[in-house]
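Colleague:
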Amino acid sequence: MAKIFEEESRTFSEYLLVPNLTTEKNTPDQVDLSAPIAKYRKGQEESRLKINIPMVSAVMQSVSDDGMAIALARCGGLSFIFQSQSIESQCDMIKRVKKYKAGIVESDSNLSPEDTLETVIALHEKTGHGTAAVTEDGSPEGRLLGLVTTRDYRVSRLSPDTKVKEFMTPIEKLVTAPEGTSLKEANDIIWDNKINQLPIVDSEGRLVGLVFRKDYEFHKANPHELLDSEKKLIVGAGINTRDYQERIPALLEAGADVLCLDSSDGFSVWQERALKWCKENYPEAIIGADCGADFIKIGIGGGSICITREQKGIGCGQASAVLAVAKARDEYFKETGWYIPLCSDGGIVHDYHMALALAMGADFMMLGRYFARFDESPTRKLLVGGTYVKEYWGEGSNRARNWQRYDDGGKGGKMAFEEGVDSYVPYAGNLKDGLDTSLAKVKATMCSCGSSSIEEFQQKARLVVVSSTSIIEGGAHDVIQKENDRTAR
Ligand code: XMP
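Each residue of the sequence shown is one higher than the one before, starting from 887 at the first, in the numbering used here.
1) Give a single yes or no on whether Met946 has its beta carbon closer than 7 Å to a heavy atom of the ligand XMP.
2) Around the C-beta of Cys1177, are 16 or more other C-beta atoms found within 10 angstroms, so that it is buried, or is it exposed?
3) Beta-carbon separation of Leu902 and Val1350 under 8 Å?
4) Does DSSP classify Glu1065 as helix, strand or coil?
5) Mind checking whether Asp1237 and Ser1324 have CB atoms under 8 Å apart?
6) Tell me which residues share the same chain as Gly1185 and place their Cβ nearer than 7 Å to its Cβ, disregarding the 5 neighbours each side in the sequence.
7) Run through the DSSP bridge pairs and tell me what Phe1098 is partnered with.
8) Go ahead and pull the three-state DSSP assignment for Arg1029.
9) With 16 as the cutoff for other CB atoms within 10 Å, does Gln1131 come out buried or exposed?
10) Is it true that the CB of Ala1314 sits closer than 8 Å to the CB of Arg1259?
11) Tell me the rounded alpha-carbon separation between Leu1242 and Ala1326.
12) Is there at least one non-hydrogen atom of the ligand XMP closer than 7 Å to the beta-carbon of Leu1253?
13) Please list the terminal residues of the continuous beta strand (DSSP E) segment that includes Ile1173.
14) Hey, out of Val1087, Arg1092, Phe1098, whose CA is closest to Asn1079's CA?
15) Go ahead and pull the three-state DSSP assignment for Asn996.
16) When we look at the beta-carbon of Pro1312 and count the other beta-carbons within 10 Å, is it buried (16 or more) or exposed?
17) Which same chain residues end up closer than 6 Å to Ser895 when comparing Cβ atoms and leaving out the 5 residues on each side of it in sequence?
18) Starting from the Cα of Glu1090, find the closest Cα among Gln976, Glu1341, Pro1064 and give me that residue.
19) If I'm right that Ile973 touches Ala1136 with Cβ under 8 Å, what's the distance once you round it to whole angstroms?
20) How many Å lie between Pro1227 and Ala1248 at the Cα?
21) On a Cα-Cα basis, can you pick out the residue from Ile923, Ile939, Met941 that is closest to Ser933?
22) Please report the straight-line C-alpha distance between Leu1113 and Pro940, rounded to a whole angstrom.
23) In chain order, what are the residue ranges of uninterrupted alpha helix (DSSP H) at least 4 long that sit wholly in the stretch 901 to 973?
24) Could you check whether Gln1157 and Glu1305 sit closer than 8 Å to each other, using their CB atoms as the reference points?
25) DSSP puts Ser1309 in a beta bridge; with which residues?
26) Report the residue ranges of all alpha helix (DSSP H) runs contained in full by the stretch 1115 to 1142; include only those spanning at least 4 residues, in chain order.
27) Look at the Cβ atom of Lys1059, then the Cβ atom of Glu1000, and state whether they are nearer than 8 Å.
28) Tell me which residues share the same chain as Leu907 and place their Cβ nearer than 8 Å to its Cβ, disregarding the 5 neighbours each side in the sequence.
29) Does the beta carbon of Thr1355 fall short of 7 Å from some heavy atom of the ligand XMP?
30) Name the residue from Leu1244, Arg1215, Ser1353, Ala1245 whose alpha carbon lies nearest to the alpha carbon of Tyr926.
31) I think Val860 touches Asp1143, with their Cβ atoms under 8 Å apart; what is that distance to the nearest whole Å?
32) Put Arg1092 into one of helix, strand or coil per three-state DSSP.
33) Would you identify the three-state DSSP class for Thr1055, choosing helix, strand or coil?
34) Would you check if the distance between the CB atom of Val1211 and the CB atom of Ile1182 is smaller than 8 Å?
35) What residue from Asp1180, Gly1014, Ile1125 has the CA that sits closest to Ile980's CA?
36) I'd like the list of long-range same chain contacts for Ala1179, defined as Cβ closer than 7 Å, with 5 residues on each side in sequence excluded.
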């Protein structure tokens, strides 16, 4: 007869934390949010890889490309670049992240002099960047002819078909610096000339990169950047259970620092084989997956775009899943001395869910919807019904066609049915601003629970299951909220 578990499966929203004594040590500036990624003998050594904030972005087309990876690593987190693309293009993305030099960036908004104001506006909408380089051929490394910033045009005064060459700031009027200029020198030039950006050009006048004043300020304000021993940004990559023998070597060669098996169901012989092969052939590689991995990813069907539970009737409430795996992990640590970091994947809706996931035993979280909302995600920002939204689709949707993730062990190359949806999420602006707010809340919760680190938080946390009526009590209730107030939250 089938086994019926006695405990109900529960989600994060069904729990609340009960505060502990807050002392002078418990102020947000003293909270350490770093988290281990690779298993280690706790108490005897440090984890080989740690992230500075407990957040990684999901292995998804609509979330984790090189742009997101750069932005998130600069804030202390980590992206896993999606694997539902060719090995070559995934490796190119990894290389672009590893090549990124904080400070000197490849121009990603480029125009040719024959482009029109209409194109400029569309490009601005798409990238969110106010500066575009004008090069002879419109490429990021073409001969530089000028710059267009939002100060160069007034939409109300210029016709949309006005050519870029008519309103750009031409190169003769720009301050530029030669290739080889150090970041420090570039920043000095920016300050001395009171400019906002400095193009770096080679001896033939070709664009090498741009240095922005705001990047300098960002760098000063962000001591948490996630860097490797060569001061390059750290980046992760998704892999699958089909082509791992080709994909893993290529990704490691391209510079991927950590891998993650991207699969809708980790409890399979295919995952076991892929993991075993990786460990035998690349024992130094850090890999997240199911049993035997360097970190364990938890979650089936809890993701915002997931319909696995509806389609297959399989899954478990995310809170119950994290609690159950954390219990087993802690027992394993007691028996063997090995601490296995846990990643709670999917189902984080409110910022307070992050604190709950950590309290329940996760060391860090993987998020899709959360990151998809920001400028830095790879998808389009659209105006729908008067509100800005970003596109967000599941890896199991027809749009992503990531059949390797939903592998049934058959011939492959097709998905028999969808396990994810194509959707919009509310646009949330800039990643750094959003993260600052979310993490301020996590830190505040930890302080209320008398904890200064994730480990201490896990050990001290006390949780209660809340009744449906107390959930209502938890929100604003029995008042008529002002419209402004509602949108501000
Ligand atoms: P959130 O809730 O953060 O979840 O948006 C992101 C996680 O959802 C998983 N994922 C899917 N699950 N069908 C599924 O059943 C899908 O199409 C799908 N796409 C992503 C994945 O684990 C991700 O990290």
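For every residue, glycine included, the Cβ atom is placed at its ideal position computed from N, Cα and C. Every value quoted in this text rests on a predicted model; they were computed, and no experiment measured them.
Modeller: To lay it out plainly:
1) Numbered from 1 along the sequence shown, position 60 holds the residue referred to as residue 946. It does: the Cβ of Met946 is within 7 Å (strictly closer) of some heavy atom of the ligand XMP.
2) Reading the sequence shown from its first residue, position 291 is the one you call residue 1177. So Cys1177 ends up on the exposed side.
3) Taking the first residue of the sequence shown as 1, we reach residue 902 at position 16. Taking the first residue of the sequence shown as 1, we reach residue 1350 at position 464. Less than 8 Å separates the beta-carbon of Leu902 from that of Val1350.
4) Residue numbering aside, residue 1065 sits at position 179 when the sequence shown is read from its first letter. The answer is coil: DSSP assigns Glu1065 none of H, G, I, E or B.
5) Against the sequence shown, residue 1237 aligns to sequence position 351. Against the sequence shown, residue 1324 aligns to sequence position 438. Yes; because the gap between Cβ atoms is below 8 Å, this pair is in contact.
6) Taking the first residue of the sequence shown as 1, we reach residue 1185 at position 299. Closer than 7 Å at the Cβ level, and outside the excluded window around Gly1185, lie Gln1204, Ala1207, Ser1230, Asp1231, Gly1232, Gly1233.
7) To locate residue 1098, count along the sequence shown from 1; it is residue 212. DSSP lists Gln1083 as the beta-bridge partner residues of Phe1098.
8) Counting from one through the sequence shown, the residue named residue 1029 turns up at place 143. Residue state, collapsed to three classes: strand.
9) In the sequence shown, residue 1131 corresponds to position 245, counting from 1. With fewer than 16 other CB atoms across the displayed protein chains lying within 10 angstroms of its CB, Gln1131 is exposed.
10) Here residue 1259 corresponds to residue number 373 of the sequence shown, with the count starting at 1. Here residue 1314 corresponds to residue number 428 of the sequence shown, with the count starting at 1. One thing to note: Arg1259 has its Cβ within 8 Å of the Cβ of Ala1314.
11) Looking up residue 1242 in the sequence shown gives position 356. Looking up residue 1326 in the sequence shown gives position 440. Their backbone Cα atoms lie some 14 Å apart in a straight line.
12) Looking up residue 1253 in the sequence shown gives position 367. Yes, the Cβ of Leu1253 comes within 7 Å of a heavy atom of the ligand XMP.
13) The residue labelled residue 1173 in the question sits at position 287 within the sequence shown. DSSP places Ile1173 in the uninterrupted beta strand (DSSP E) bounded by 1173 to 1175.
14) As a first step, residue 1079 must be located in the sequence shown, where it is residue number 193. Check the Cα spacing between Asn1079 and each of Val1087, Arg1092, Phe1098: the tightest is with Phe1098.
15) Here residue 996 corresponds to residue number 110 of the sequence shown, with the count starting at 1. The three-state secondary structure of Asn996, taken from DSSP, is strand.
16) As a position in the sequence shown, residue 1312 is number 426, starting the count at 1. Flag for Pro1312 reads exposed.
17) By 1-based counting over the sequence shown, the position of residue 895 is 9. Taking C-beta separations shorter than 6 Å and ignoring five residues to either side along the sequence, the partners of Ser895 in its chain run Cys1202, Gly1203, Ser1206, following chain order.
18) Along the sequence shown, read from residue 1 onward, the residue named residue 1090 stands at position 204. The shortest C-alpha separation from Glu1090 is found at Pro1064.
19) On the sequence shown, position 87 is the one that residue 973 refers to. On the sequence shown, position 250 is the one that residue 1136 refers to. About 5 Å separates the two Cβ atoms, so the contact holds.
20) Numbered from its first residue, the sequence shown carries residue 1227 at position 341. Numbered from its first residue, the sequence shown carries residue 1248 at position 362. Taking the straight line from one Cα to the other gives about 7 Å.
21) Sequence index remark: in the sequence shown, residue 933 carries index 47 (1-based). Distance check between Ser933 and each of Ile923, Ile939, Met941 places Ile923 closest, using alpha-carbon atoms only.
22) Here residue 1113 refers to the residue found at position 227 when the sequence shown is read from its first residue. Here residue 940 refers to the residue found at position 54 when the sequence shown is read from its first residue. Each residue's Cα considered, the two are about 15 Å apart.
23) As far as the stretch 901 to 973 is concerned, its whole alpha helix (DSSP H) runs of at least 4 residues are 952 to 960.
24) Here residue 1305 is taken as the residue at index 419 of the sequence shown, counted from 1. Here residue 1157 is taken as the residue at index 271 of the sequence shown, counted from 1. No, the Cβ-Cβ distance between Glu1305 and Gln1157 is not below 8 Å.
25) Here residue 1309 refers to the residue found at position 423 when the sequence shown is read from its first residue. Answer is Tyr1278, bridged to Ser1309.
26) If only uninterrupted alpha helix (DSSP H) runs of at least 4 residues are considered, those enclosed by the stretch 1115 to 1142 are 1130 to 1140.
27) Indexing the sequence shown from 1 puts residue 1059 at position 173. Indexing the sequence shown from 1 puts residue 1000 at position 114. No; because the gap between Cβ atoms is not below 8 Å, this pair is not in contact.
28) What you label residue 907 is simply residue 21 of the sequence shown in a count that begins at 1. Gly1336, listed in sequence order.
29) Counting from 1 along the sequence shown, the entry for residue 1355 is found at position 469. No; taking the cut-off as 7 Å, the Cβ of Thr1355 has no heavy atom of the ligand XMP nearer than that.
30) Position 40 of the sequence shown, counted from the first residue, corresponds to residue 926. Ranking the options by Cα distance to Tyr926, first place goes to Arg1215.
31) In the structure as shown, the chain begins at 887 and stops at 1375. Residue 860 is therefore absent and cannot be evaluated.
32) Against the sequence shown, residue 1092 aligns to sequence position 206. The answer is strand: DSSP assigns Arg1092 an E or B state.
33) Working through the sequence shown from its first residue, we reach residue 1055 at position 169. Here Thr1055 sits in strand by DSSP.
34) On the sequence shown, position 325 is the one that residue 1211 refers to. On the sequence shown, position 296 is the one that residue 1182 refers to. Note that the C-beta distance between Val1211 and Ile1182 is below 8 Å.
35) Taking the first residue of the sequence shown as position 1, residue 980 is located at position 94. It is Ile1125 whose Cα lies nearest to the Cα of Ile980.
36) Start at 1 with the first residue of the sequence shown, and residue 1179 comes out as number 293. Excluding the 5 residues flanking it on each side, Ala1179 has same chain C-beta neighbours closer than 7 Å at Leu1161, Ile1173, in chain order.
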